[in-house]
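Enquirer: These protein sequence lines map, in sequence, to chains D and X.
Under the numbering used here, think of the first position of the first sequence as 1, with each following residue one higher.
Under the numbering used here, think of the first position of the second sequence as 1, with each following residue one higher.
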Amino acid sequence: DAKTTQPTSMDCAEGRAANLPCNHSTISGNEYVYWYRQIHSQGPQYIIHGLKNNETNEMASLIITEDRKSSTLILPHATLRDTAVYYCIVRPGGGSNYKLTFGKGTLLTVNP
Amino acid sequence: GAGVSQSPRYKVAKRGQDVALRCDPISGHVSLFWYQQALGQGPEFLTYFQNEAQLDKSGLPSDRFFAERPEGSVSTLKIQRTQQEDSAVYLCASSLSVEAQYFGPGTRLLVL
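1) Hey, N30 (chain D) and S70 (chain D): beta-carbon distance below 9 Å or not?
2) Fully enclosed by the segment 51-90 of chain D, which alpha helix (DSSP H) runs are 4 residues long or longer?
3) Going along the chain, which unbroken runs of the beta strand (DSSP E) with 3 or more residues stay wholly within the segment 24-78 of chain X?
4) Check for me: the beta strand (DSSP E) holding A2 (chain X) runs from which residue to which?
5) Expressed to the nearest angstrom, what Euclidean distance is found between the alpha-carbon atoms of D18 (chain X) and I79 (chain X)?
6) Just verifying my parser: in three-state terms, what is the DSSP assignment at D18 (chain X)?
7) Leaving out five residues before and five after Y34 (chain D) in sequence, what residues of the same chain have Cβ atoms less than 6 Å from its Cβ?
8) Looking only at its own chain, which residues have a Cβ that is under 8 Å from the Cβ of I26 (chain X), when we skip the five neighbours before and after it?
9) Is there at least one Cβ from chain D nearer than 9 Å to E99 (chain X)'s Cβ?
10) Give me the Cα-Cα distance between I74 (chain D) and H29 (chain X), rounded to the nearest whole angstrom.
11) Does E14 (chain D) come out as helix, strand or coil in the three-state DSSP assignment?
12) Who are the neighbours of G42 (chain X) on chain D, taking C-beta pairs under 7 Å?
13) Measure the CB-CB distance between P70 (chain X) and E52 (chain X) and report whether it falls below 9 Å.
14) Give the DSSP-derived three-state secondary structure of Q84 (chain X) in the structure shown.
15) Inspect the CB distances between the segment 99-108 of chain D and the segment 33-52 of chain X and report whether three or more fall short of 8 Å.
16) Which partner residues does N97 (chain D) have in the DSSP bridge list?
17) Run down chain X in chain order and give the residues with a C-beta less than 7 Å from the C-beta of Q42 (chain D).
18) Leaving aside the five residues before and after N54 (chain D) along the sequence, list all residues of the same chain whose C-beta is less than 8 Å from its C-beta, in chain order.
19) How long is the line joining the alpha carbons of K11 (chain X) and V74 (chain X), rounded to whole angstroms?
20) Taking N57 (chain D) as the reference, give the member of D:S41, D:I47 and D:R16 with the closest Cα.
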């Protein structure tokens, strides 16, 4: 699976947009980009995923560059409850795609 | 609706004891996963079930670790002769499709 690189930590002011970057320069054509987050003392929570088009849902937006070597997760109006570790995961399509390979993620701290 | 539940939430074991960790997946979810999360690290894949069949156990760290899902619903992760290095949070996840895995809150195991 392609390796991902994320900053160790980021800060964001409450009410502002949080933009979390992820590099995945070795991603291959059939690999999807997934984002999960883990709030302290909870299990990871699925946020969003995409292949090459930008995606949006009620939680966040995912922007994938045209060459697919990097992506950005956007939380449009961060709240204190969005403080969590955010994991960017590259996951193959097809039958072998059940496994999630987590890195260390980015600790996002939303400040009042 | 009910999410994935795990019990116990916390377990303290003496070195050498056997432990059993239970996972109740979301009703109807075919796929079930176990992950291990060491302190400060992302979760690491242990094993995968599709219904009652264990299709991948490549992540189990040793033959002291055993998982089962006899009726294709509830799953138990058993660790025999626990060691201090087994101390971690054990996460269970279930899914209906390949897109999103839904995680439980985890069982925090401390081996003294």
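Ideal Cβ positions, reconstructed from N, Cα and C, are used throughout, including at glycine.
Expert: Reading off the structure:
1) For this step, residue 30 (chain D) is matched to residue 30 along the first sequence. For this step, residue 70 (chain D) is matched to residue 70 along the first sequence. No; because the gap between Cβ atoms is not below 9 Å, this pair is not in contact.
2) Here no run is fully enclosed.
3) 31-37, 44-50, 53-56 and 65-68
4) Locating residue 2 (chain X) in the second sequence gives position 2, where the first residue counts as 1. Where A2 (chain X) is concerned, there is no enclosing beta strand (DSSP E), because DSSP gives it neither an H nor an E.
5) Within the second sequence, the letter at position 18 stands for residue 18 (chain X). Within the second sequence, the letter at position 79 stands for residue 79 (chain X). When rounded, the distance between both Cα atoms is 6 Å.
6) On the second sequence, position 18 is the one that residue 18 (chain X) refers to. Of the three classes helix, strand and coil, the one that applies to D18 (chain X) here is coil, per DSSP.
7) The residue labelled residue 34 (chain D) in the question sits at position 34 within the first sequence. Within the same chain, H49, I89 and R91 come within 6 Å of Y34 (chain D) by CB-CB distance, once the 5 residues on both sides are set aside.
8) Here residue 26 (chain X) is taken as the residue at index 26 of the second sequence, counted from 1. Within the same chain, I26 (chain X) has close Cβ partners G1, A2, G3, V4, S94, L96 and Y102.
9) By one-based count along the second sequence, residue 99 (chain X) stands at place 99. For E99 (chain X), the answer is yes, since a Cβ of chain D falls inside 9 Å of its Cβ.
10) Numbered from its first residue, the first sequence carries residue 74 (chain D) at position 74. Numbered from its first residue, the second sequence carries residue 29 (chain X) at position 29. Rounded to whole angstroms, I74 (chain D) to H29 (chain X) spans 29 Å at the Cα level.
11) Along the first sequence, read from residue 1 onward, the residue named residue 14 (chain D) stands at position 14. Annotated three-state conformation of E14 (chain D) is coil, per DSSP.
12) As a working note, residue 42 (chain X) is residue 42 in the second sequence. The contacting residues are Y87, F102, G103, K104 and G105.
13) Mapped onto the second sequence, residue 70 (chain X) falls at position 70. Mapped onto the second sequence, residue 52 (chain X) falls at position 52. Cβ distance < 9 Å, so P70 (chain X) and E52 (chain X) count as in contact.
14) Locating residue 84 (chain X) in the second sequence gives position 84, where the first residue counts as 1. DSSP places Q84 (chain X) in helix when its eight states are reduced to three.
15) yes
16) In the first sequence, the residue the question calls residue 97 (chain D) occupies position 97. None, per the DSSP bridge assignment.
17) Position 42 of the first sequence, counted from the start, is the residue given in the question as residue 42 (chain D). In chain order: P105.
18) Residue numbering aside, residue 54 (chain D) sits at position 54 when the first sequence is read from its first letter. Contacts found: S61, L62, I63 and I64.
19) Sequence index remark: in the second sequence, residue 11 (chain X) carries index 11 (1-based). Sequence index remark: in the second sequence, residue 74 (chain X) carries index 74 (1-based). Cα to Cα, K11 (chain X) sits roughly 19 Å from V74 (chain X).
20) Taking the first residue of the first sequence as 1, we reach residue 57 (chain D) at position 57. Of all alpha-carbon atoms in D:S41, D:I47 and D:R16, the one lying nearest the alpha-carbon of N57 (chain D) is that of D:I47.
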